[in-house]
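For the record, in the sequence shown the residue sitting at position 378 is 512 according to this note's numbering, with numbers rising by one throughout.
Note that the Cβ used here is the ideal one computed from N, Cα and C, for glycine as well.
Remember, it's a predicted structure, so these values are computed and weren't measured experimentally.
Everything below concerns the one structure shown next.
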Amino acid sequence: MRIGITCYPTYGGSGVVATELGIELARLGHEIHFISYSQPFRLSGRLNEGGGGIFYHEVPVSNYPLFEFPPYDLALASRMAEVAEYYALDLLHVHYAIPHSVSALLARQMLAANGRRLPFVTTLHGTDITLVGLDRSYLPITRYSIQQSDGVTCISNYLREKTIQDFGVTRPIETITNFVNCDVYAPFADEAQRAEARARFARPQEAILMHLSNFRPVKRVVDTVKIFASVARERPAQLVLIGDGPDRSAAEWLAHDLGIQCQVHFLGKQERVNELLPLADLLLMPSELESFGLAALEAMACKVPSIATRVGGVPELIDDGENGLLFPVGDVDAMAAAALALLGDPARLQAMRDAARKAAQKRFCASLVVPQYVRFYEQVLTQ
Ligand code: GMT
């Protein structure tokens, strides 16, 4: 198939899923055309991974003094229609409804005027439903574009139910979960190698706690620092934070205020998180809400269990007590106590590490999930 993929190219889970999906599809022999205002960050240096089957088309958004807000959604629709025509696309797959789904709807109509069919699939990821989409100014058009899509997928059953309840959507929606390539996201082959790599951040007796996000308020990065501070009071430990965003300075300020700044490493945005995650003992994901929690899945594939919150779709990924631990939002004391107990019980930690990797392989491996998308596209094309 020739598939056009549109996503937010910036640091965020929906862009990661879209990019990794494109790469996996290209590996299976499909031709993938990314259409976005800049190249998705996870695609950087990886255009060749799909054996020459990955292309990127930039959407230029020209401005004019009359426009207070440059109309990206229109520029995107135009480019989608052009790319679909010039490269004979079979379908478009848009990630995150706003505004991508509306642009795809316009592109479909533009091609239909020339008698050409261009179906589109919308994948809902999270705040497009739980936050932004519920804003009164976006709700009617978001609902309309979901209803009008030729196929709709959600990344968890939680998000599927939420879409049906909050948007009154009546059309079928399929759950296709987030996935991870378990060959790329993997633990170190031997313990000596891991110990050597960990020395970048920690001494041998020190635990490494990690956090990976876009540092938006929903991720509660400040809670991450609070949890770590309690852990570090009781045992030697280091905290590694990957990513950047609006709450980074609040987290940095707190680390300084608590006097633990030498043990807290802010790495900023990183392209190869698969090389960093296996260094950790635990991932901290104290989010206010996660429709799925891709960061926790990537960590699990690297044999790193999470201390996380029992919110949204997270319980569909993490089996509490088996391959991670779940707590109420904001209960930093309980999360710190649990981290300390686990780090102090190497046998239990090892069992949880093994269970985390096994769950990632058995339920969320790219080799299982990507074919679900392929089948879904085939269904849409034969509708
Ligand atoms: O909804 C968002 O915050 C945006 C989105 C993103 O681009 O970061 O994140 C969501 O999509 C991820 C990939 O499908 C999920 O794993 C995240 O749980 C989800 N974030 C939230 O629901 C807050």
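So, under 8 Å CB-CB, residue i and residue j are touching, yes? Tell me the CB distance rounded to an integer number of Å.
i	j	result
residue 384	residue 398	Between residue 398 and residue 384 the Cβ distance is about 13 Å, and since that is not below 8 Å, they are no contact.
residue 337	residue 381	With a Cβ gap of about 29 Å, residue 337 and residue 381 do not count as contacting.
residue 188	residue 160	5 Å
residue 193	residue 170	6 Å
residue 286	residue 245	Not confirmed; about 20 Å, so no contact.
residue 141	residue 147	At roughly 10 Å, the Cβ-Cβ gap does not stay under 8 Å, so residue 141 and residue 147 are not in contact.
residue 537	residue 231	There is simply no residue 537 to check, as the chain begins at 135 and stops at 517 in what is shown.
residue 233	residue 207	4 Å
residue 411	residue 319	7 Å
residue 321	residue 437	4 Å
residue 508	residue 284	15 Å between Cβ atoms; not a contact.
residue 487	residue 449	Contact flag wrong, Cβ pair sits at about 20 Å.
residue 181	residue 190	7 Å
Compute the minimum distance between the beta carbon of residue i and the heavy atoms of ligand 1, and state whether it is under 7 Å.
i	result
residue 424	yes
residue 170	no
residue 262	yes
residue 146	yes
residue 142	yes
residue 428	yes
residue 507	no
residue 230	yes
residue 236	no
residue 352	yes
residue 259	yes
residue 151	yes
residue 157	no
residue 408	no
residue 446	yes
residue 289	yes
residue 312	yes
residue 315	no
residue 348	yes
Under DSSP, the beta strand (DSSP E) around residue i begins and ends at which residues?
i	result
residue 149	Run containing residue 149: none in the beta strand (DSSP E); it sits in the alpha helix (DSSP H), 147 to 161.
residue 510	Taken as a continuous stretch (DSSP letters only), residue 510 belongs to no beta strand (DSSP E), being part of the alpha helix (DSSP H) at 500 to 516.
residue 276	It is not in any beta strand (DSSP E) - residue 276 instead sits in the alpha helix (DSSP H) that spans 273 to 282.
residue 252	Neither: residue 252 is in no beta strand (DSSP E) and is coded neither H nor E.
residue 440	440 to 443
residue 407	Residue 407 -> no beta strand (DSSP E), and no H or E assigned at all.
residue 226	225 to 229
residue 344	341 to 346
Let's see if you can read the secondary structure: which residues bound the alpha helix (DSSP H) around residue i?
i	result
residue 100	Past the boundaries of the shown model lies residue 100; the chain is included only from 135 to 517, so the question cannot be answered.
residue 293	291 to 301
residue 448	448 to 451
residue 261	261 to 264
residue 237	234 to 246
residue 372	Not the alpha helix (DSSP H): residue 372 falls in the beta strand (DSSP E), residues 371 to 376.
residue 595	The structure shown does not extend to residue 595, since the chain is modelled only from 135 through 517, so no value can be given for it.
residue 481	480 to 497
Check whether the Cβ atoms of residue i and residue j sit closer than 8 Å, and answer yes or no.
i	j	result
residue 280	residue 235	yes
residue 332	residue 401	no
residue 144	residue 176	no
residue 422	residue 504	no
residue 531	residue 157	Residue 531 is absent from the model: the chain starts at 135 and stops at 517.
residue 416	residue 473	yes
residue 464	residue 391	no
residue 433	residue 394	no
residue 419	residue 442	yes
residue 369	residue 293	no
residue 511	residue 135	yes
residue 254	residue 228	yes
residue 240	residue 211	yes
residue 377	residue 348	yes
residue 444	residue 462	yes
residue 263	residue 297	yes
residue 196	residue 447	no
For residue i, is the beta carbon positioned less than 7 Å from some heavy atom of ligand 2?
i	result
residue 153	Looking at this structure, you won't find ligand 2 anywhere; what it does contain is ligand 1.
Between residue i and chain B, is the shortest Cβ-Cβ distance under 8 Å, so that the two count as touching?
i	result
residue 448	Chain labels in this structure do not include chain B; a single protein chain is all it has.
Margin query: Taking contact to mean 3 or more Cβ pairs, one atom from each stretch, closer than 8 Å, check whether the stretch 448 to 466 and the stretch 480 to 493 are in contact.
Written below: yes
Checklist line | Stretch pair the stretch 418 to 433 + the stretch 310 to 319: three plus CB contacts closer than 8 Å | finding: yes
Note to self: Between the stretch 262 to 279 and the stretch 241 to 252, can you find at least three pairs of beta-carbon atoms closer than 8 Å?
What the structure shows: no
Margin query: Any contact between the stretch 364 to 378 and the stretch 331 to 346? By contact I mean 3 or more CB pairs, one from each, below 8 Å.
Written below: In short, these stretches touch, since the Cβ pair count reaches three.
Check: Are three or more beta carbon pairs between the stretch 461 to 471 and the stretch 355 to 364 nearer than 8 Å?
Finding: Cβ pair count under 8 Å is three or more, so yes.
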